[in-house]
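Using our numbering, you'd call the opening residue of the sequence shown number 819 and step up by one each time. Heads up, the beta-carbon is just placed ideally off N, CA and C, and yes, glycines get one too. Keep in mind the model is a prediction, meaning the values are calculated, not measured. To start, the structure under review is shown below, and the notes come after it.
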Amino acid sequence: MAPSGTVAIVPIVPIQSRTRSPLSTSYDVAIVGGGAIGSAIAYFLKADPMFDGSVAVIERDPTYAQASSALSASSIRQQFSTPENIRMSRFGIGFLREIDRHLGLGDGTPVDIGLHEGGYLYLATAMFEEALRANHAIQVAEGADVVLLRPDEIESRFPWMSIEDVALGSLGLSGEGWFDGYGLMQAFRRKARALGAEFLAAEVDGLEVDGDRVTRLRLRDGQTAEAGHVVNAAGPWSGAVAAMAGVELPVEARRRCVFGFHAQATVPDCPLVIDTSGIWFRPEGEGFITAISPRPEEDLDGLPLTVDQRLFDDRIWPALATRVPAFDSIKVRNAWAGYYEYSTFDRNAIIGPHPELANLLFATGFSGHGIQHAPAVGRAIAELIVAGRYTTLDLGIFGYQRLREGRRVIERNVIG
Ligand SMILES: Cc1cc2nc3c(=O)[nH]c(=O)nc-3n(C[C@H](O)[C@H](O)[C@H](O)COP(=O)(O)OP(=O)(O)OC[C@H]3O[C@@H](n4cnc5c(N)ncnc54)[C@H](O)[C@@H]3O)c2cc1C
């Protein structure tokens, strides 16, 4: 895509090789959070021949016990309603298909993230048929390989599905599916380190601001680090990190529970199904995984990462058995909970610099679709830092400024 030039962000501090103390406490770029997003940013920076600066990724928990990137359902789709989200996914799928070329270390060990392009199938009742058609028109205009299916076409492709209430379906024929998100994060991390990024096991607990710049990061262990640019890639905790600089960021940690189950019957060629009931399910290994978002009144910020079993018993299982009669007898095998980094403003990403603190950049708020966009976001933030503007995909629509202006970018296809 041609450079758009519509977003011009002049780096406040030009990239330079800073003098670094023996303790390495001064960096050109400090990234708070070493999940898929932070690690992707580090990789794209260090892989850019125009960049010769230093990069630190500051990650408080290198085991990633609660990180979204380790607890994700890790699926990728083209079926969004915001063209920029589709463009990010189109870049993402190309990157994932050639993951070994991008993130291989050249030591002969292949990078395998188990990408399976099984497709997404969105199902709509008559009430949502027009919306599905409108979204499809946007997707096709962006070059996505998505087709609309009449009920009889759905039935002949997926005879194991019961579709009485379905008026229309929308199926991704290629470019959609699922992969190992934790593996992707680790591959970004490994490659970024091999290229010279430093990963520090430390927690940022303060940001010092001087005028229009964040000048210093304070770490919980008492150390400090100076930085030319600070990137907030702290996922569900990015609101707390922004607050350290006195910045309001409407991103909350919203718990989502995923259930793994086994079915006796075979369900051939099962895509990731977005059901009219609000549940989704897809194959995972020998079985399946499924989830539904909590009801709004129960969808609170920062709930403990314990599994709410009621979601499965009361809402998911009845819907599964209605859609797929063979799912009437299934066995739940496992379950886990993780956080969406949820933008309460418009359920869309917040990407790019703060309007006043221009060396503070955001890469957060993905609201359930961040891991598939990690390659595109990593590249985008690297472009902003190195070139001072987007040079490939223009993601200016996701800028922080829209929060000030009350300009919501509504993504109609948010999953929970
Ligand atoms: C159940 C579930 C299903 C999902 N399904 C999908 C899907 O199918 N497709 C998709 O694209 N996306 C999906 N997502 C969303 C996706 O996983 C996230 O958008 C993505 O992983 C976000 O990556 P991140 O690096 O921003 O956040 P994280 O992976 O959470 O990383 C943030 C890191 O910041 C660190 N950190 C926080 N505060 C500090 C601090 N003060 N100092 C130092 N470190 C700090 C944390 O320890 C953490 O490791 C899903 C998420 C969940 C929970």
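- Shown here, Ile972 sits in a helix according to DSSP, grouped into three states.
- Shown here, Trp1135 sits in a helix according to DSSP, grouped into three states.
- Annotation for Val850 indicates a beta carbon within 7 Å of some heavy atom of ligand 1.
- By the neighbour-count criterion, in which 16 or more other beta carbons inside 10 Å mark a residue as buried, Leu941 falls on the buried side.
- In the displayed model, Glu1016 falls within a strand according to three-state DSSP.
- Residues of the same chain with a CB within less than 7 Å of the CB of Trp1154, apart from the 5 flanking positions on each side, are Leu889, Val1076 and Val1125 in chain order.
- Our two residues, Asp930 and Tyr1000, have alpha carbons roughly 11 Å apart in a direct line.
- In terms of side-chain proximity, the C-beta atom of Trp978 is found no nearer than 7 Å to any non-hydrogen atom of ligand 1.
- DSSP places Phe862 in the uninterrupted alpha helix (DSSP H) bounded by Ala854 to Ala865.
- In terms of Cβ geometry, Val1142 and Trp978 form a close pair [threshold 8 Å].
- Rounded to whole angstroms, the gap between the alpha carbons of Ile894 and Trp996 is 6 Å.
- Taking 8 Å as the upper bound for CB-CB distance, Ser857 and Glu1229 are not in contact here, some 24 Å apart.
- Here DSSP, grouped into helix, strand and coil, assigns Trp1055 to helix.
- Our two residues, Ser892 and Tyr1158, have alpha carbons roughly 12 Å apart in a direct line.
- Residue environment analysis places Glu877 among the buried positions, since at least 16 neighbouring C-beta atoms fall within 10 angstroms of its C-beta.
- Cβ-Cβ distances below 6 Å link Glu1016 to Ala874 in the same chain, with the five nearest sequence neighbours on each side left out; the list follows chain order.
- With contact defined as three or more Cβ pairs closer than 8 Å, the region 1156 to 1172 and the region 859 to 871 are not in contact.
- With a cutoff of 8 Å on beta-carbon distance, Ala1081 and Gly1105 are scored as near each other.
- For Gly1024, same chain residues with a beta-carbon under 6 Å away, outside a window of 5 residues either side, are Arg1036 and Met1062 in chain order.
- Distance from the CA of Pro1089 to the CA of Gly1103, rounded to the nearest whole angstrom, comes to 13 Å.
- In this structure, Leu1211 lies near Phe909, with their beta-carbon atoms less than 8 Å apart.
- In the DSSP assignment, Phe1099 falls within the unbroken beta strand (DSSP E) covering Trp1098 to Glu1102.
- Under the three-state reduction of DSSP output, His1191 falls in the coil class, being neither helix nor strand.
- Cα atoms of Ala944 and Ser980: separation of roughly 16 Å, rounded to the nearest angstrom.
- Not one heavy atom of ligand 1 falls within 7 Å of the beta-carbon of Gly1078.
- When the beta-carbon positions are compared, Ile1110 and Gly1096 come within less than 8 Å of each other.
- The Cβ-Cβ distance between His954 and Ser992 does not fall below 8 Å.
- Spanning the alpha carbons of Thr843 and Gly1046 requires a straight line of approximately 12 Å.
- Judged by the Cβ position, His1187 qualifies as a neighbour of ligand 1 at the 7 Å threshold, a heavy atom of the ligand being closer than this.
- For Gly1064, the distance from the CB to the nearest heavy atom of ligand 1 is not below 7 Å.
- Leu966 and Ala1083 have their C-alpha atoms roughly 27 Å apart.
- The alpha carbon of Gln1004 has as its nearest neighbour, out of Gly922, Pro1068 and Gly1224, the alpha carbon of Gly922.
- Arg968 sits exposed, since fewer than 16 C-beta atoms from the chains shown fall within 10 Å of its C-beta.
- Taking a C-beta distance under 8 Å as the contact criterion, Gly1078 and Arg1151 qualify as a contact pair.
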